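Read the structure below first, then the notes.
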Amino acid sequence: MGHLVSPSLLAADFGNLGKDIKMVNESKADWLHLDIMDGVFVPNISFGFPVLEFVRKLSEKPLDVHLMIVDPDRYLSRFSEAGAGILTVQYEACTHLHRTVTEIRNLGMKAGVAVNPHTPVSLLKNTLPYIDMVLIMTVNPGFGGQKFIMESYNKITELREIIERGGYNVLIEVDGGIDTGNAAKLVKSGVNVLVAGNSVFSSADPINTILNLKDLTGN
Ligand code: DX5
Ligand code: ZN
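According to this note's numbering, the stretch in the sequence shown is residues 163 to 381, in order.
Below, the structure written as C-alpha cells:
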C-alpha cells in the first residue's frame, strides 16, 4: 500500500469551510484530519461538535479526528456519532489507555494513539496489539505552522522496527511541519500517513500540493 495524505482542516479558511472541504473532496487526499483542542491539554481551542457535524455532511473523505483534550473518555461516543472514522487520543491524556482504545474500537471506529515529541515510542509496545495507528507528533501540539522537530526521524525508525518485529497491523502517521520538502524522507523512514495543514491550505494551488504529497517520485 502506498502512503496516505490527510490534509489538516485547522489551516483552512473558517469563513469559507465549505469551499475548502470541497477542494479536499476533489483532491487526491485520502483522509481529512480534524484537530480538536480543549484549551487545557494544549494552549489553544479549535472547534467542536457543530463544526465536526457540518464537515461530516460535506466531506467525502474519512474523518481522521485528532483529540488534544484531557479525559477523552467522556466524549468517545459523541465523536462516533459525529462521524469520526479514526479517532486518535493523546497518550499523555489517558490514564487507562487500554480501556480507552478498546472502547474506541467497540464504538466501531479505528483507534489511534498520539505521542508528544517528548514521549518515547517504546512506551506503546504493549498497546500496539489494540490499536490501528500511532500518530507521532512532529511539533508540540496546539498550533499549525510550526517547525518540524528533527528528532522525529529517530522515533519513526524505532517505531517502524517495533511494528515489523511484532508483526502488528499499525499505521504510522506524522503531524506538524510536513511539506513537500520532507514528505519523501518521512515515507522512506517508514511513515504511512502524512498530515499537512499550512503546506496545503496556504499554498497557491492546494489540489496540486496534495498531488505532490501523494506522488513523491522524483523527491
Ligand atoms: C497541531 C495539529 C496539526 C496541525 C498541523 O497541533 O495537530 O494537525 O494542523 O499543522 P501544520 O501542518 O501547519 O504544521
Ligand atoms: Zn493534528
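Backbone N, C-alpha and C define an ideal beta-carbon position, used for all residues, glycine too. Computed from a predicted structure; not experimentally measured.
Compute the minimum distance between the beta carbon of Asn-360 and the heavy atoms of the ligand DX5, and state whether it is under 7 Å. The answer is yes for Asn-360.
Within the segment 286–326, note down every full beta strand (DSSP E) run reaching 3 residues or more, in order along the chain. Complete beta strand (DSSP E) runs here, min 3: 295–299.
Which runs of the beta strand (DSSP E), 3 residues or longer, sit entirely within the segment 212–256? Runs of the beta strand (DSSP E) inside the segment 212–256: 225–230, 248–252.
Is Val-353 a contact residue of the ligand ZN, with contact defined as CB to any heavy atom under 7 Å? No - the ligand ZN has no heavy atom lying nearer than 7 Å to the Cβ of Val-353.
Residues near Gly-306 in its chain [Cβ-Cβ closer than 7 Å; skip 5 each side]: The answer, listed in chain order, is Ser-170, Leu-172, Ala-173, Gly-359, Asn-360.
How is Ala-191 classed by DSSP in three states: helix, strand or coil? Here Ala-191 carries a coil assignment [DSSP, helix/strand/coil].
Opening and closing residue of the alpha helix (DSSP H) in which Ile-372 lies: DSSP places Ile-372 in the uninterrupted alpha helix (DSSP H) bounded by 368–376.
Range covered by the beta strand (DSSP E) that runs through Ala-273: Here the beta strand (DSSP E) through Ala-273 covers 272–277.
Contact under 8 Å by Cβ, Leu-297 with Thr-250: Yes, Cβ-Cβ distance for Leu-297 and Thr-250 is below 8 Å.
Skipping 5 residues on each side, what residues in its chain have a beta carbon closer than 8 Å to that of Lys-184? Cβ neighbours of Lys-184 beyond the five flanking positions: Leu-220.
Kindly examine the ligand DX5 and report whether one of its heavy atoms sits closer than 7 Å to the Cβ of Ala-173. Yes, Cβ of Ala-173 sits closer than 7 Å to a heavy atom of the ligand DX5.
When the Cα atoms are used, what is the spatial distance from Ala-273 to Val-263? Roughly 6 Å between the two C-alpha positions.
Any heavy atom of the ligand DX5 closer than 7 Å to the beta-carbon of Asp-377? Checking the 7 Å criterion, the Cβ of Asp-377 is out of range of every heavy atom belonging to the ligand DX5.
Let me have the residue list for the ligand ZN: C-beta closer than 5 Å to any non-hydrogen atom, ordered along the chain. Those residues, listed in chain order, are Asp-197, His-228, Asp-337.
For Asp-175, does the three-state DSSP call read helix, strand or coil? Reduced to three states, the DSSP call for Asp-175 is coil.
On the DSSP bridge list, what partners appear for Met-199? The partner list for Met-199 (beta bridge, DSSP) reads Met-230.
Does the ligand DX5 have even one heavy atom less than 7 Å from the beta-carbon of Val-189? For the sequence presented, residue 189 should be read as Ser rather than Val. Every heavy atom of the ligand DX5 is 7 Å or more from the Cβ of Ser-189, so no.
Consider the C-beta atom of Met-185 and the heavy atoms of the ligand DX5; say whether any pair is separated by less than 7 Å. Not so, every heavy atom of the ligand DX5 lies at least 7 Å from the Cβ.
Please report the straight-line C-alpha distance between Asn-269 and Asp-233, rounded to a whole angstrom. The sequence shown places Leu at residue 269, not Asn. Leu-269 and Asp-233 have their C-alpha atoms spaced approximately 17 Å apart.
Among all the DSSP beta bridges, which residues are the ones paired with Val-263? Answer by DSSP bridge pairing: none, since Val-263 is not bridged.
By DSSP, does Asp-341 sit in helix, in strand, or in coil? Note: Asp-341 maps to coil in three-state DSSP.
Can we say the segment 236–245 touches the segment 202–216, given the rule of at least three CB pairs closer than 8 Å? Taking a contact to require three or more Cβ pairs closer than 8 Å, the segment 236–245 and the segment 202–216 qualify as touching.
Using only the heavy atoms of the ligand DX5, determine whether one of them is closer than 7 Å to the beta carbon of Phe-305. Yes, the ligand DX5 has a heavy atom inside 7 Å of this Cβ.
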